[in-house]
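Engineer: Let me give you the structure first, and then I'll get to my questions.
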């Protein structure tokens, strides 16, 4: 009622409650009333609130810090010291989050804010290191010179590398340094000095992520110095991997024991000049003993890079179908790559079945009308209308199917998107209900997957400003980014301001034409397998 009435006569009484009431709830509500009134929260009341024994009162006192007029005007040295000590001693995560957001109001010096956050991080508290909300609040607070000051407080590469957690704080520090123009000098120093073994893990992790997210843009001064760094520190390791024993299938890019280190090293190698990447990619696909390294390089380097797409397309239908899949995944993410896939499909020695069904599904629903039309011409039959073939399939149902053979069909055709028992991946909807559904319903779902599609499994397509194509089902959508799950079980996140076009394909993520892979006896066996599932 007091908030609704906006009665200034309540100010004195509410200030007294904050100062002296024995009831935490009363102190909290009184502070809320004061915050709603002009000049309601004065410095003395606010200082009392941030020292309260109740974390709720402390938290809301920090929330209301921006309601105190002239908060730091005429502060005594004791006031400044008291507030700084309170911030250093605080242990409640939610209070720390609000402190970080409001820190610029009370700690005008970038160095003071940096020392505060360094103090919190140096506690090595697992809750602090795992708290993404605190990291986000801290990232806002270190914008400008504070990021560089925070970097100078410790050897953060070694610190986070030894803990094996909390590296998103490193992302925040280096991202803000990059925005402020301070990262380029840091990269130059790494070019001269390199990294110690204790620093390399975290260094590769964070720099690889910044390149992958295109925070550090191609052609920028920082990007050029990163390219020199990759040439100096990583190219020798890549060359060593290429020269490994061809019989040793475990040969790998040796930049540590962690898989993510290798992936991020490959991302950093992606900053090399295009002519070097073309040379390395050709050599990796023709000579490299490691299938794992081949796939990682393809998926990191090739998408939306026409010169590299041409090299990758030459190795389609090579010795390994796993590498083929990585090439296809990378090529269908751009118009130029999709054209190369269609060129490959038009070769006399190949035919439409040479490409997996999911590739044709993506091409037939491609954002580019020219590619969509060409794909339909090359593989015109997509869905098989159930009514046109139902008779022969129904005849097969008069005999019991073989569940063992049905399991083999499931592994081959369905397990890439569905999981039954311990077989497959859960991308598409659960098949639990199919155990009791009529044969007709199961057959219809296979023949025409888009006919009775659950909207949440509809395939969406996004074209980015630089021409990259992403297709999949929607995982999440925020004001900052959209995340899709692809048919290959990969999450792709795209920033909103990078999206040029976003539309629905009107198609299920499940490929058309699956019934062409299952004759009547095979479908009967598949149904028998689904019925057998407990």
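In the numbering used here, the protein residues as written are 1 to 534.
Glycine included, C-beta positions come from ideal geometry on N, C-alpha and C.
Since the model is a prediction, treat every value here as computed from it, not as a measurement.
1. Please report the residue range of the beta strand (DSSP E) in which residue 463 lies.
2. Could you name each continuous alpha helix (DSSP H) segment of 4 residues or more that falls completely within the stretch 205 to 234, going from the start of the chain to the end?
3. Looking only at C-alpha atoms, which of 136, 489, 91 and 379 sits nearest to residue 346?
4. Starting from the C-beta of residue 160, find all residues in its chain whose C-beta is less than 6 Å away, skip the five residues before and the five after it, and write them out in chain order.
5. Since residue 470 sits in a beta bridge, which residues does DSSP pair it with?
6. Check whether the Cβ atoms of residue 230 and residue 272 lie closer than 8 Å to each other.
7. Which two residues bound the contiguous beta strand (DSSP E) that contains residue 493?
8. Quick check: what's the CA-CA separation for residue 5 versus residue 71?
9. When you compare only the Cα positions, how much space is there between residue 2 and residue 152?
10. Compare the C-alpha of residue 533 against each of 471, 406 and 498 and name the closest.
11. With DSSP collapsed to three states, give me the class of residue 503.
12. Find out if the Cβ-Cβ distance for the pair residue 340, residue 359 is shorter than 8 Å.
13. Thinking C-alpha only, which one of 83, 304, 49 and 9 is nearest residue 27?
14. Tell me the DSSP bridge mates of residue 274?
15. Can you tell me whether DSSP reads residue 168 as helix, strand or coil?
16. Let me make sure I understand the geometry here. Which of 52, 11, 38 and 41 has the alpha-carbon closest to that of residue 22?
17. May I ask you to report which of helix, strand or coil DSSP gives residue 337?
18. Quick check on residue 423: does DSSP put it in helix, strand or coil?
19. In the DSSP assignment, the alpha helix (DSSP H) including residue 392 goes from what residue to what residue?
20. What are the boundary residues of the alpha helix (DSSP H) that residue 158 is part of?
21. Count the other CB atoms, across all protein chains shown, that sit within 10 Å of the CB of residue 246; report buried if there are 16 or more and exposed otherwise.
22. When we look at the beta-carbon of residue 119 and count the other beta-carbons within 10 Å, is it buried (16 or more) or exposed?
23. May I ask you to list the residues that DSSP assigns as paired with residue 483?
24. Where are the beta strand (DSSP E) runs, 3 residues long or more, that stay fully inside the stretch 101 to 164, in chain order?
25. Measure the alpha-carbon distance for residue 143 versus residue 490 and round it to whole angstroms.
26. How would you call residue 524, buried or exposed, if buried means at least 16 neighbouring beta carbons within 10 angstroms?
27. Based on DSSP bridge pairs, tell me the residues matched to residue 508.
28. For residue 288, which three-state DSSP category applies?
29. Between residue 468 and residue 333, is the Cβ-Cβ spacing less than 8 Å?
30. Quick check for students: name the residue ranges of the alpha helix (DSSP H) that lie wholly in the stretch 22 to 60, counting only runs of 4 or more.
31. Going by C-alpha to C-alpha distance, which of 391, 283, 46 and 323 sits closest to residue 299?
32. Which residues mark the beginning and the end of the alpha helix (DSSP H) in which residue 442 is found?
33. Taking the alpha-carbon of residue 115 as reference, which of 88, 134 and 136 has the nearest alpha-carbon?
34. Return helix, strand or coil for residue 431, following the three-state DSSP convention.
35. I'd like to check one pair, residue 514 with residue 413: are the Cβ atoms closer than 8 Å?
36. For residue 217, count neighbouring Cβ atoms within 10 angstroms of its own Cβ and tell me buried if that reaches 16, exposed if not.
Structural biologist: Well, looking at it:
1. Position 463 of the chain shown, counting from 1, holds the residue named residue 463. Here the beta strand (DSSP E) through residue 463 covers 458 to 464.
2. 221 to 233
3. The residue given as residue 346 occupies position 346 in the chain shown. When each option's Cα is compared against that of residue 346, the closest is 379.
4. Within the chain shown, residue 160 is the residue found at index 160, counting from 1. The residues are 166, 167, 170 and 202.
5. Indexing the chain shown from 1 puts residue 470 at position 470. Paired residue(s): 462.
6. Numbered from its first residue, the chain shown carries residue 230 at position 230. Numbered from its first residue, the chain shown carries residue 272 at position 272. Yes, they are a contact pair.
7. On the chain shown, residue 493 is found 493 positions in, with the first residue counted as 1. That run of the beta strand (DSSP E) goes 491 to 495.
8. As a working note, residue 5 is residue 5 in the chain shown. As a working note, residue 71 is residue 71 in the chain shown. Residue 5 and residue 71: Cα-Cα distance of roughly 26 Å.
9. For the purposes of this step, residue 2 is taken as the residue at position 2 of the chain shown. For the purposes of this step, residue 152 is taken as the residue at position 152 of the chain shown. Spanning the two alpha carbons is a distance of roughly 49 Å.
10. As a working note, residue 533 is residue 533 in the chain shown. Closest by alpha carbon: 406.
11. As a working mapping, residue 503 is identified with position 503 in the chain shown. Strand at residue 503.
12. Translated into the one-based positions of the chain shown, residue 340 becomes position 340. Translated into the one-based positions of the chain shown, residue 359 becomes position 359. Not a contact, by the Cβ cut-off of 8 Å.
13. By 1-based counting over the chain shown, the position of residue 27 is 27. With distances taken between Cα atoms, residue 27 lies closest to 49.
14. Residue 274 sits at position 274 when you count from the first residue of the chain shown. Answer is none; residue 274 lacks a bridge partner.
15. Walking along the chain shown from the start, residue 168 turns up at place 168. Reduced to three states, the DSSP call for residue 168 is helix.
16. As a first step, residue 22 must be located in the chain shown, where it is residue number 22. Considering only alpha carbons, the answer is 52.
17. In the chain shown, counting from the first residue as 1, residue 337 sits at position 337. In the structure shown, residue 337 sits in a helix (DSSP, three-state: H, G or I).
18. To locate residue 423, count along the chain shown from 1; it is residue 423. Three-state DSSP puts residue 423 in a strand.
19. The residue given as residue 392 occupies position 392 in the chain shown. It spans 386 to 396 - the alpha helix (DSSP H) in which residue 392 sits, taken as one unbroken run.
20. Within the chain shown, the letter at position 158 stands for residue 158. Residues 156 to 163.
21. As a first step, residue 246 is located in the chain shown; it is residue number 246 there, counting from the start. Low confidence applies to residue 246: its pLDDT is 47, below 50, so where it sits in the model is not reliable enough to give any reading.
22. Residue mapping note: residue 119 aligns to position 119 of the chain shown, counting from 1. The residue is exposed, with fewer than 16 neighbouring Cβ atoms inside 10 Å.
23. Start at 1 with the first residue of the chain shown, and residue 483 comes out as number 483. Residue 483 pairs with 476 and 493.
24. none
25. Translated into the one-based positions of the chain shown, residue 143 becomes position 143. Translated into the one-based positions of the chain shown, residue 490 becomes position 490. Cα to Cα, the separation comes out at about 32 Å.
26. The residue labelled residue 524 in the question sits at position 524 within the chain shown. So residue 524 ends up on the buried side.
27. One-based indexing of the chain shown puts residue 508 at position 508. 458.
28. Sequence index remark: in the chain shown, residue 288 carries index 288 (1-based). Here residue 288 sits in coil by DSSP.
29. Residue numbering aside, residue 468 sits at position 468 when the chain shown is read from its first letter. Residue numbering aside, residue 333 sits at position 333 when the chain shown is read from its first letter. Cβ distance < 8 Å, so residue 468 and residue 333 count as in contact.
30. 24 to 36 and 43 to 50
31. Position 299 of the chain shown, counting from 1, holds the residue named residue 299. Residue 323 is the option with its Cα nearest to residue 299.
32. Within the chain shown, residue 442 is the residue found at index 442, counting from 1. Taken as a continuous stretch (DSSP letters only), the alpha helix (DSSP H) holding residue 442 covers 439 to 447.
33. As a first step, residue 115 must be located in the chain shown, where it is residue number 115. Among 88, 134 and 136, the Cα nearest to that of residue 115 is on 88.
34. The residue given as residue 431 occupies position 431 in the chain shown. Three-state result, residue 431: coil.
35. The count along the chain shown starts at 1 and reaches residue 413 at position 413. The count along the chain shown starts at 1 and reaches residue 514 at position 514. Yes, Cβ-Cβ distance for residue 413 and residue 514 is below 8 Å.
36. Within the chain shown, residue 217 is the residue found at index 217, counting from 1. By the neighbour-count rule (16 or more Cβ atoms within 10 Å), residue 217 is not buried but exposed.
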